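Trainee:
In the numbering used here, the protein residues as written are 736 to 1018.
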């Protein structure tokens, strides 16, 4: 009976999660770095190998990104659900990410306001957010130290070297994929999943933290939906390149409009991440 009650308790939050998961996925999918790399890859392939090969390249790339991000999310959910201290650590990281997004959005709004008004306003809120973000990251570092990870600097150095090697490999794979190699495109998509894409990983961490409270089958369903939304902009870009310049121009206009709203998106996403992180820390 105790296990049954616990299972019911774990499944309760699933009722109203769909809007939250879709919103986080939509925010995560807006990644200018990835858009630029993917568009350049497809445009070059189109010029060198034609539309059919471009379609094959884009399909391989997007499929690899989808699968890798799905597996990464599933792994995070499994680990977080079994380690309570890691759940708290991830919640702290989500709080820090939320504060960072908030400060970035507020800074952008203040800069635009100053430019339009011809004067520089006093950034009191920005200073508070930046200070709080630093305090949160310090708390994360102290938590890691208490957990016995005092060799974190050495690990971090190793991770940076690994990331640099992956970045170099990604550039090589993208260069070869431009020649029309489907296999290279799939490998490039895999590599990009661990280099360019995680620069907006705050929403994904928040999503996996939320889904770790659910049963595995429900969590997997939400994770699939998340990643379908996540790769949707890449699908639109690929379709636009393959179908013709008229559609590509429309996508470029849409990207420009989204970019103008980016600062407000950052504020909203930051607020959501902050609330979610604090909620899980309070549990």
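The beta carbon of each residue, even a glycine, is placed where N, CA and C say it ideally should be.
The structure presented is a predicted model; accordingly, all values stated were derived computationally and were not measured.
Return the CA-CA distance between residue 755 and residue 804, expressed in angstroms with no decimal places.
Mentor: Taking the straight line joining both Cα atoms gives about 18 Å.
Trainee: If you reduce the DSSP assignment to three classes, tell me which class residue 1018 lands in.
Mentor: Note: residue 1018 maps to coil in three-state DSSP.
Trainee: Short check: CB of residue 913 to CB of residue 783, under 9 Å?
Mentor: Taking 9 Å as the Cβ cut-off, residue 913 and residue 783 qualify as a contacting pair.
Trainee: Can you tell me whether DSSP reads residue 989 as helix, strand or coil?
Mentor: helix
Trainee: Would you kindly check if the distance between the Cβ of residue 846 and the Cβ of residue 1004 is under 9 Å?
Mentor: no
Trainee: Are there three or more Cβ pairs, one per stretch, closer than 8 Å when the segment 954-967 is compared with the segment 821-839?
Mentor: no
Trainee: I need the straight-line Cα distance from residue 857 to residue 839, nearest angstrom please.
Mentor: Its pLDDT being 47, under 50, residue 857 is placed unreliably by the model, and nothing is read from it.
Trainee: State the Cα-Cα distance for the pair residue 940 and residue 1000, rounded to the nearest angstrom.
Mentor: 17 Å
Trainee: When you compare only the Cα positions, how much space is there between residue 753 and residue 957?
Mentor: 7 Å
Trainee: Can you tell me where the alpha helix (DSSP H) holding residue 913 begins and where it ends?
Mentor: First-last for residue 913: undefined, no H or E at that position.
Trainee: Within 10 angstroms of the Cβ of residue 770, are there 16 or more other Cβ atoms? Answer buried if so, exposed if not.
Mentor: Note on residue 770: 16 or more other CB atoms within 10 angstroms of its CB, so buried under the neighbour-count rule.
Trainee: Determine the DSSP secondary structure at residue 785, reduced to helix, strand or coil.
Mentor: coil
Trainee: I need the DSSP call for residue 846, collapsed to helix, strand or coil.
Mentor: Helix.
Trainee: Below 9 Å between beta carbons: does that hold for residue 938 and residue 759?
Mentor: Against a cut-off of 9 Å, the Cβ pair of residue 759 and residue 938 comes out as a contact.
Trainee: From which residue to which residue does the alpha helix (DSSP H) around residue 951 run?
Mentor: Annotation for residue 951: the continuous alpha helix (DSSP H) segment containing it runs 951-978.
Trainee: Identify whether residue 836 lies in helix, strand or coil by the three-state DSSP scheme.
Mentor: Residue state, collapsed to three classes: helix.
Trainee: Do you know how far the Cα of residue 821 is from the Cα of residue 886?
Mentor: Interpretation of residue 886 is limited by its pLDDT of 48, a score under 50 that renders its predicted location unreliable; the figure taken from the coordinates is listed afterwards. Spanning the two alpha carbons is a distance of roughly 17 Å.
Trainee: Excluding the 5 residues preceding and the 5 following residue 922 in the sequence, name in chain order all residues of the same chain whose CB lies nearer than 7 Å to its CB.
Mentor: 908
Trainee: Span of the alpha helix (DSSP H) holding residue 755?
Mentor: 753-764
Trainee: Would the beta-carbon of residue 918 fall within 9 Å of that of residue 775?
Mentor: no
Trainee: Is the beta carbon of residue 943 sitting closer than 9 Å to the one on residue 815?
Mentor: yes
Trainee: Counting only the same chain and skipping the five closest in sequence on each side, list residues whose C-beta sits under 7 Å from that of residue 1015.
Mentor: 822, 826 and 944
Trainee: Can you give me the C-alpha to C-alpha distance between residue 929 and residue 809, rounded to a whole angstrom?
Mentor: 15 Å
Trainee: Please list the terminal residues of the continuous alpha helix (DSSP H) segment that includes residue 945.
Mentor: 937-946
Trainee: Restricting to Cα atoms, I'd like to know which of 834, 915 and 767 is closest to residue 1010.
Mentor: 834
Trainee: What does the Cβ neighbour count give for residue 1008, buried or exposed, with the cut at 16 atoms within 10 Å?
Mentor: buried
Trainee: I'd like to check one pair, residue 790 with residue 973: are the Cβ atoms closer than 9 Å?
Mentor: A contact, by the Cβ cut-off of 9 Å.
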